[in-house]
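Chains as they are written, first to last, in my numbering: chain B, 1364 to 1604; chain S, 56 to 374.
Below is one structure, written out as C-alpha cells; comments come after it.
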Amino acid sequence: MIRVEDIQKHFGALHVLRGITFDVKKGEAIVIIGPSGSGKSTLLRCVNLLVEPDAGKVFIDGVHVNRHGIRHEWVRQQVGMVFQSFNLFTHLSAIENVTLGLTRVKGMPHDQAVEKARKLLARVGLAAKESAYPAELSGGQQQRVAIARALAMDPKAMLFDEPTSALDPEYIREVLDVMTALAREGMTMIVVTHEMGFASNVASRILFMDAGKIIEEGTAEDIFQRPKEDRTRAFVSKILR
Amino acid sequence: MGKVRKFLRERWRYFDAALALLVIVGSLVYIYDLLVGSRGLDVAYVTRHYPLYLHAVFTNVYATTIAFIVGMAIGISVGWLRTAKTVPLAKFAASMRVEKRERQENPTGSEEGRRFLVVLSLLWYGTKYVVRRIGDGFVEIIRGTPLYVQILFASSFFIVFLPQYVGEGILIGIIALAINTGGYQAEIFRAGLQTVHSGQIEAARAIGFSRLKAMRYVILPQALRLIIPPLTNEYIGLFKASTFLFVLGVQTEISYIAQHEGFAGDVFEIFAIVTAIFLAITVTLSLIVQTLEKRFRIPGLGIEQIRRPRGVAVAPRAA
C-alpha cells in the first residue's frame, strides 16, 4: 500500500532522514516510536509529500509519487493526515471543517457534502457538535473533528502525527478509541505515538527510529519485551517507566 | 432603593455611553467657551458656509475611497509578494544536483529538455527574487517619506512628464494617495497573512488544496478578519490625509481655512464646522466597523468583550 525506499532529507546542514525504507501492507497499522528529533514527523510528511524528500522513492498503491508529472494535491488526497496540534480551520464550524475539502477540492455538491460530513461526525461521536467552532471544542473533540476531516477525502491510508501528545490526559482515550476502531475496520495507518497501550493493542508492527534511521522493527512484544538494540532498550525503558 | 439599583445594573451600559458622550461634549463646550465664549458664535457664518465644507468633504470621501480601493489591490499583491520565500542559491543548486542524479539513474527525455527545465526554473526563482525585492523597496520608500512630499512629487511628475493632465488635480491626488496607501496596506496584508498559523496551511495542503486555493479558502478568510481594525485605521488616516490635496488645487477643508483666515473673527467657527464634519464621518465609520467585527468574529476565538453586569453568574457552556 505504502512503500518508502531509501528516503533522504536534509534541512540545511541537518541530515534528518538517512535512508529510510519500509513497507506498509493494506489494512496494516504501523506505529513509529523514537526520541524527539529522530525524524518521525518528517518521515510522515514525506509520505504525503508535505515535505519533499531530497532522494528516494515513495510509492502509494504501487504508484511512484515523488516524481515529475504527479500532482502533490492528488497524492495528498490519497493519504489523510492528522496533526499533533489538530490544525482545524479556526474560522469554520466543525461540519464546515469536514465539508470544505469535499466541496472545494472534490467539487462535491454542498448538500451531499453535508450529508457525508454528518455521517463522519457521528462516526467520531460528535454528531451533536456540528455547528461548534474549534475554539469552543475540547482538545479531544477537535482532534476527532480533524480525523473526520481527513476521512472525508476517502483516503487509502491515514497518517497520524502524535495525535494525542497535545491533549490533556482525560481526552486521550476518546481519540485513541476512534483510531482503534478505524484500525479494526481495516484502515491502513501509520501512527507516530508514544501511547504504548495503543501500540500493543493495534500495531501490527512497531518501528523504532533514532537519528534519521530505522533502528529496529518488530511486533509490540519484540520491541517492548525483547528489544535487540541497545538504543531501543534505552528508549523503551524510559517510556515504559 | 433596591429597584433603582436593579435598574442601574440592567441599564448600566446606557449610562456608560451617556456619560462618555457627556464628558466629550462637555470638554468640547469648555474648549469652545474658552476660545470664543467672550465673543459669541457667529451662527450666521456657520449657516452660510457649511455647505461649502460639506462639498469639500464629499470630494475627500470620494478621493479617499477610490484611492483606498486601488491601494488595496496594490496592498494585497505587494503584501502577498513580501510573504514569498526566496530560495537561497545553495538550495537551488542542491535540488539541481538531485535532479541530475535522478536523470543519470533513470535517463528519460533529452539533455536539451533537462537544460530547458533548469533555465526555466532559474528564471522563475530569479523573477521571484527580483519582484520580492522591488516590493520591499516600494514599501520602504512609501513608509519612509512624508505623504506631503509624495503628493508634491506626483504633482511635479505630472508637470514635467504629463503636462496635459496637470489640470486634473483630483486625478493626480488619487494616484498619489493610492500609491501611498498601497504601501501601508501591503504591510497590513503581509502581517495579516503571516499571523495565520502555518499549521492552517499545512492542514489545507494535507487534504489536497493547492497553494492558491488554500490562500482563498483558509488563509484569506482568517487574515481578513485580523486586519479589519488596522485597515479601518488606514482608511481614517487616509481620509484625513486627503485634505492635503489642496496643494493640487483640489478644494478641501484646508483650502477654505486658508482662504478665510483673513477674516480673523471667524477662524474658530471654521474649525468648529470642520471638526464636526470630520468627527461625524470617522465616528460613524468606526461604529460601522465595530458591528462588522462583531458580525464576523469567530466564536470562541480571541478576547471576547464581556458585556454582562457584574455579579451575575453565567452558566458554563455545556460540554
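We treat Cβ as the ideally placed atom computed from N, Cα and C, and that holds for glycine.
Establish whether the CB of residue i and some CB of chain S are separated by less than 8 Å.
i               : result
F1523 (chain B) : no
E1499 (chain B) : yes
R1336 (chain B) : As shown, chain B starts at 1364 and ends at 1604. That puts residue 1336 (chain B) outside it, with no answer to give.
V1468 (chain B) : yes
L1617 (chain B) : The first residue shown for chain B is 1364 and the last is 1604, placing residue 1617 (chain B) beyond what the model contains.
Q1506 (chain B) : no
T1453 (chain B) : yes
M1552 (chain B) : no
Q1475 (chain B) : no
M1463 (chain B) : Reading the sequence as shown, one finds Leu at residue 1463 (chain B) and not Met. Closer than 8 Å: yes.
M1444 (chain B) : yes
N1411 (chain B) : yes
How big is the Cα-Cα spacing for residue i and residue j?
i               : j               : result
M226 (chain S)  : A209 (chain S)  : The displayed chain sequence assigns Leu, not Met, to residue 226 (chain S). Each residue's Cα considered, the two are about 10 Å apart.
E1537 (chain B) : G1432 (chain B) : 40 Å
P364 (chain S)  : L77 (chain S)   : Its pLDDT being 44, under 50, P364 (chain S) is placed unreliably by the model, and the measurement read from it follows with that caveat. If I take the Cα positions, the gap works out to 22 Å.
F326 (chain S)  : L90 (chain S)   : 11 Å
A1376 (chain B) : L1413 (chain B) : 20 Å
P285 (chain S)  : I332 (chain S)  : 22 Å
I129 (chain S)  : E1580 (chain B) : 55 Å
A335 (chain S)  : S176 (chain S)  : 54 Å
L1514 (chain B) : M151 (chain S)  : 36 Å
V1555 (chain B) : Q1505 (chain B) : 18 Å
Y117 (chain S)  : F244 (chain S)  : 23 Å
I234 (chain S)  : I1535 (chain B) : 53 Å
A1480 (chain B) : L1451 (chain B) : 15 Å
I1602 (chain B) : M1521 (chain B) : 25 Å
L1465 (chain B) : K349 (chain S)  : 29 Å
A1498 (chain B) : F123 (chain S)  : 33 Å
K1591 (chain B) : L136 (chain S)  : 52 Å
G224 (chain S)  : L144 (chain S)  : 47 Å
A1566 (chain B) : A1509 (chain B) : 21 Å
R68 (chain S)   : V84 (chain S)   : 24 Å
Since residue i and residue j should fall inside the 8 Å C-beta cutoff, what is the C-beta to C-beta distance between them, to a whole number of angstroms?
i               : j               : result
R1467 (chain B) : K268 (chain S)  : 6 Å
L1570 (chain B) : I1395 (chain B) : 5 Å
R280 (chain S)  : F351 (chain S)  : 5 Å
R260 (chain S)  : R1439 (chain B) : 6 Å
D1593 (chain B) : G1397 (chain B) : Actually they are not in contact, since the Cβ atoms of D1593 (chain B) and G1397 (chain B) sit about 14 Å apart, beyond 8 Å.
G247 (chain S)  : I282 (chain S)  : 4 Å
R1486 (chain B) : A1511 (chain B) : 7 Å
R1596 (chain B) : T1582 (chain B) : Actually they do not touch by this definition, with Cβ atoms about 16 Å apart.
A139 (chain S)  : R187 (chain S)  : 5 Å
Q1475 (chain B) : A1418 (chain B) : At roughly 42 Å, the Cβ-Cβ gap does not stay under 8 Å, so Q1475 (chain B) and A1418 (chain B) are not in contact.
I324 (chain S)  : D97 (chain S)   : A quick correction: the sequence has Glu, not Ile, at residue 324 (chain S). E324 (chain S) to D97 (chain S), Cβ: 5 Å. Contact.
G1443 (chain B) : M1516 (chain B) : 6 Å
V329 (chain S)  : Y108 (chain S)  : 6 Å
Tell me which same chain residues have a C-beta within less than 6 Å of the C-beta of residue i, skipping the five on either side of it?
i               : result
S1528 (chain B) : Q1447
R1381 (chain B) : G1575 and K1576
Q255 (chain S)  : V273
Can you confirm whether residue i, when its beta carbon is compared against all beta carbons of chain B, has any partner nearer than 8 Å?
i              : result
F264 (chain S) : yes
G355 (chain S) : yes
I79 (chain S)  : no
V273 (chain S) : yes
Q255 (chain S) : yes
A258 (chain S) : yes
A75 (chain S)  : no
Are there any heavy atoms of the ligand NAP lying less than 7 Å away from the beta-carbon of residue i, as far as the coordinates show?
i               : result
E1579 (chain B) : In terms of ligand content, the structure shown is empty, and the ligand NAP therefore cannot be addressed.
Suppose the cutoff is 7 Å on Cβ atoms and the five residues either side in sequence are ignored; what does the same chain contact list for residue i look like?
i               : result
S1501 (chain B) : Y1534
Y203 (chain S)  : F299
T236 (chain S)  : A122, F123, G126, E289 and L293
G1390 (chain B) : G1549 and T1551
L1318 (chain B) : For residue 1318 (chain B) there is no data in the structure shown, the boundaries of chain B being 1364 and 1604.
S1404 (chain B) : D1524 and V1555
Excluding the five sequence neighbours on either side, which residues of its own chain have a C-beta within less than 8 Å of the C-beta of residue i, listed in chain order?
i               : result
T11 (chain S)   : In the structure as shown, chain S begins at 56 and stops at 374. Residue 11 (chain S) is therefore absent and cannot be evaluated.
S1401 (chain B) : M1572, D1573, A1574 and G1575
Ranges of the alpha helix (DSSP H) found wholly within the stretch 117 to 184 of chain S, counting only runs of at least 4: 144 to 160
Hey, which unbroken runs of the alpha helix (DSSP H) at 4 residues or more fall wholly within the stretch 1502 to 1551 of chain B? 1502 to 1515 and 1532 to 1547
Give the list of continuous alpha helix (DSSP H) stretches no shorter than 4 residues that lie fully inside the stretch 1558 to 1604 of chain B. 1559 to 1565, 1583 to 1588 and 1593 to 1603
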